[in-house]
Amino acid sequence: MLLQQLDAQRQIPPDAYSPWPNREAFLLAQHWMNGQVKSLADLERLSALFRMPGFDANKLRHVNWRASFRKLDEAVPSYGPFQYGPEWKTRVLRLKVPLGKGNGNWDYLVPGFHFRDLTQLARDVVENDPRSTAFHWEPFGLWKHAETSQQPDQRVFSEGFTGDYMLEEFRSILSLPPNNCDLPRAILGFCFWSDATQATQFGHSYLWPGYAMFVNQSVRERCSPTSGACHHFAHFPTIPNSFHKEYFARTGRAPSSRLLSHLKSITMHAAWDTLLNSDFMEGYKNGFPMRCGDGFERRVFFRVFAYCADYPEKCVK
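Numbered according to my numbering, the sequence shown spans residues -5 to 311.
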């Protein structure tokens, strides 16, 4: 067979196509992963694959595709879908898993919570991001004047820095005691969102990334894909598959769907307990002096304007 002869000449080891058992399976899997949309051109490429000299379709008869893709799926974390920079941190989340009436709780550790410190992220954006020169630090109400005296003026809602919440919070920080600081005060408004995304084109490996934007930046800039306004700050972990076996070994029964839903909820709470640390709360209560992009130094107070999320993040209440 031509393909096998070529493999022998190139001294390709037998496991070179792992997790697929042979080259034919590898080539067919590669075709499947590269095909985003089924089309006539895609069919022609598939037909050319089967007409390739030395291609033995009989070797595809006993390929366990599910098992092969599962192995590939499990191999993804070994080389990592992302390269975390020095500003990223990793923590293990500790959960209290109830073992049933009278059996107490089990301290279960969920590994692999990758995140960036929100206070450091805020400081980097405010002081170093060139786009922060256009941030709005003093909120205002936006009105459209009526064309005639018989018509009332109309309030225009278009930006976070023209909304009621920003105006109310701005008045609240202005009323705080001086605390030996005469810097002008300002609010940095966080907008968070997160949702599950498939990590690869194959298998069932998922990531739960978290992103942040700031309402001080105009929504027109934030909506531009090339604006750099979206800041990646976390990968929320999920309960490992090994939990089922460990739970069964301790209790003699499989975890219920109600328990698994509870674990998803407390995992999100544990992650946000880590993110909303003492530094962030200090920025929320007393603010931090920062030299803003426009060159002025201000005491900046953190506020969370929105958290857009889907299940299991909706468990955060």
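Here a beta-carbon is modelled for each residue, glycine too, at the ideal position from N, C-alpha and C.
Given Leu170 as reference, the closest of His238, Gly281, Val57 and Cys224 once Cα atoms are compared: For the purposes of this step, residue 170 is identified with residue 176 of the sequence shown, where counting begins at 1. Comparing Cα positions, the closest option is Gly281.
Strand pairing of Trp59, partner residues [DSSP]: Numbered from its first residue, the sequence shown carries residue 59 at position 65. In the DSSP output, where bridge partners are listed per residue, Trp59 has none listed.
Other residues of its chain near Tyr159: CB distance less than 7 Å, five sequence neighbours each side excluded: The residue labelled residue 159 in the question sits at position 165 within the sequence shown. Answer for Tyr159: Phe299, listed in chain order.
DSSP state of Val298 mapped onto helix, strand, coil: Against the sequence shown, residue 298 aligns to sequence position 304. Three-state DSSP puts Val298 in a strand.
Three-pair Cβ contact test at 8 Å for the stretch 143 to 150 versus the stretch 257 to 268: Between the stretch 143 to 150 and the stretch 257 to 268, the count of C-beta pairs closer than 8 Å stays below three; the two stretches do not touch.
Any 3 or more C-beta pairs closer than 8 Å across the stretch 236 to 248 and the stretch 205 to 215: no
Burial state of Glu18, where buried means 16 or more other Cβ atoms lie within 10 Å: On the sequence shown, position 24 is the one that residue 18 refers to. Buried, by the Cβ-count rule.
CB contact flag (Ile181, Phe295, <7 Å): Locating residue 181 in the sequence shown gives position 187, counting from the first residue. Locating residue 295 in the sequence shown gives position 301, counting from the first residue. Against a cut-off of 7 Å, the Cβ pair of Phe295 and Ile181 comes out as a contact.
Distance, His25 Cα to Ala42 Cα: Translated into the one-based positions of the sequence shown, residue 42 becomes position 48. Translated into the one-based positions of the sequence shown, residue 25 becomes position 31. Roughly 11 Å separates the two Cα atoms.
Secondary structure of Leu(-3), DSSP reduced to three states: The residue labelled residue -3 in the question sits at position 3 within the sequence shown. A caution first: Leu(-3) carries a pLDDT of 48, below 50, which makes its placement in the model too unreliable to give a value.
Continuous beta strand (DSSP E) stretch holding His229: start and end: Counting from 1 along the sequence shown, the entry for residue 229 is found at position 235. Element bounds for His229: His225 to His229.
Met46, buried or exposed, once every other Cβ within 10 Å from all chains shown has been counted against 16: Taking the sequence shown and counting its residues from 1, the one referred to as residue 46 is at position 52. Burial call: exposed.
Candidates Gly106, Val104, Leu89 and Phe63: closest to Gly98 by CA position: As a position in the sequence shown, residue 98 is number 104, starting the count at 1. The candidate whose alpha carbon is nearest that of Gly98 is Leu89.
Residues near Cys224 in its chain [Cβ-Cβ closer than 7 Å; skip 5 each side]: The residue you call residue 224 lines up with position 230 of the sequence shown. So the qualifying residues of the chain are Tyr205 and Met207.
Local conformation of Arg313 per DSSP, three classes: Residue coverage of the chain in this structure runs from -5 to 311, which leaves residue 313 outside it and unanswerable.
Classification of Thr261 by the beta-carbon crowding that lies within 10 angstroms, buried from 16 upward: As a working note, residue 261 is residue 267 in the sequence shown. Classification for Thr261: buried.
Bounding residues of the beta strand (DSSP E) (the contiguous stretch that carries Arg110): Here residue 110 refers to the residue found at position 116 of the sequence shown. Asn99 to Arg110 is the extent of the beta strand (DSSP E) around Arg110.
Whole-number beta carbon distance between Trp131 and Ala303, since they are thought to touch under 8 Å: To locate residue 303, count along the sequence shown from 1; it is residue 309. To locate residue 131, count along the sequence shown from 1; it is residue 137. Going by Cβ atoms, the distance from Ala303 to Trp131 rounds to 28 Å, so no, they are not a contact pair.
Within 7 Å, strictly: CB atoms of Pro15 and Lys65: As a first step, residue 15 must be located in the sequence shown, where it is residue number 21. As a first step, residue 65 must be located in the sequence shown, where it is residue number 71. Not closer than 7 Å, so no.
Own chain, CB closer than 6 Å to Pro105, minus 5 neighbours either side, in chain order: If you number the sequence shown from 1, residue 105 lands on position 111. Cβ contact annotation for Pro105 (same chain, cutoff 6 Å, sequence separation greater than five): Val86, in chain order.
Rounded straight-line distance, which links the Cα of Pro231 to that of Tyr78: If you number the sequence shown from 1, residue 78 lands on position 84. If you number the sequence shown from 1, residue 231 lands on position 237. In this prediction, Tyr78 has a pLDDT of 48, which is less than 50 and means its spatial position is unreliable; nothing more can be read from the coordinates.
Complete alpha helix (DSSP H) runs within the stretch 156 to 223 (minimum length 4 residues, chain order): Annotation note: the stretch 156 to 223 contains the following uninterrupted alpha helix (DSSP H) runs of length 4 or greater, listed N- to C-terminal: 158 to 168 and 213 to 216.
Top-ranked residue by Cα proximity to Pro234, from Tyr301, Tyr102, Val57 and Thr84: Numbered from 1 along the sequence shown, position 240 holds the residue referred to as residue 234. Closest option to Pro234, Cα to Cα, is Tyr102.
Selected residue, minimal CA-CA separation from Val91, among Arg252, Leu270, Asp123 and Trp59: Here residue 91 is taken as the residue at index 97 of the sequence shown, counted from 1. Nearest of Arg252, Leu270, Asp123 and Trp59 to Val91, Cα basis: Arg252.
Span separating the alpha-carbon of Ser272 from that of Arg292: Residue mapping note: residue 272 aligns to position 278 of the sequence shown, counting from 1. Residue mapping note: residue 292 aligns to position 298 of the sequence shown, counting from 1. Approximately 21 Å, taken between the alpha carbons.
Where Met275 falls: helix, strand or coil (DSSP): The residue you call residue 275 lines up with position 281 of the sequence shown. DSSP, read as helix, strand or coil, puts Met275 in helix.
Closest residue to Arg165 among Arg55, Pro178 and Asn174 (Cα-Cα distance): For the purposes of this step, residue 165 is taken as residue 171 along the sequence shown, with counting starting at 1. Out of Arg55, Pro178 and Asn174, Pro178 has the C-alpha closest to the C-alpha of Arg165.
Span separating the alpha-carbon of Thr156 from that of Pro133: Locating residue 156 in the sequence shown gives position 162, counting from the first residue. Locating residue 133 in the sequence shown gives position 139, counting from the first residue. The alpha-carbon atoms of Thr156 and Pro133 are separated by roughly 6 Å.
The beta strand (DSSP E) enclosing Phe44, as first and last residue numbers: Along the sequence shown, read from residue 1 onward, the residue named residue 44 stands at position 50. It is not in any beta strand (DSSP E) - Phe44 instead sits in the alpha helix (DSSP H) that spans Leu34 to Phe44.
C-alpha gap between Ala51 and Phe63, whole angstroms: Position 57 of the sequence shown, counted from the start, is the residue given in the question as residue 51. Position 69 of the sequence shown, counted from the start, is the residue given in the question as residue 63. Taking the straight line from one Cα to the other gives about 19 Å.
N-terminal and C-terminal residue of the beta strand (DSSP E) that Phe282 is part of: Position 288 of the sequence shown holds residue 282. Unbroken beta strand (DSSP E) run through Phe282: Phe282 to Arg285.
Cβ-Cβ separation, Arg110 to Phe227 (assumed contact under 8 Å), whole Å: As a first step, residue 227 must be located in the sequence shown, where it is residue number 233. As a first step, residue 110 must be located in the sequence shown, where it is residue number 116. Contact flag correct, Cβ pair sits at about 5 Å.
Distance CB(Met284)-CB(Val119) smaller than 7 Å: Locating residue 284 in the sequence shown gives position 290, counting from the first residue. Locating residue 119 in the sequence shown gives position 125, counting from the first residue. Taking 7 Å as the Cβ cut-off, Met284 and Val119 do not qualify as a contacting pair.
Extent of the continuous beta strand (DSSP E) to which Pro92 belongs: Along the sequence shown, read from residue 1 onward, the residue named residue 92 stands at position 98. Start and end: Trp82 to Pro92.
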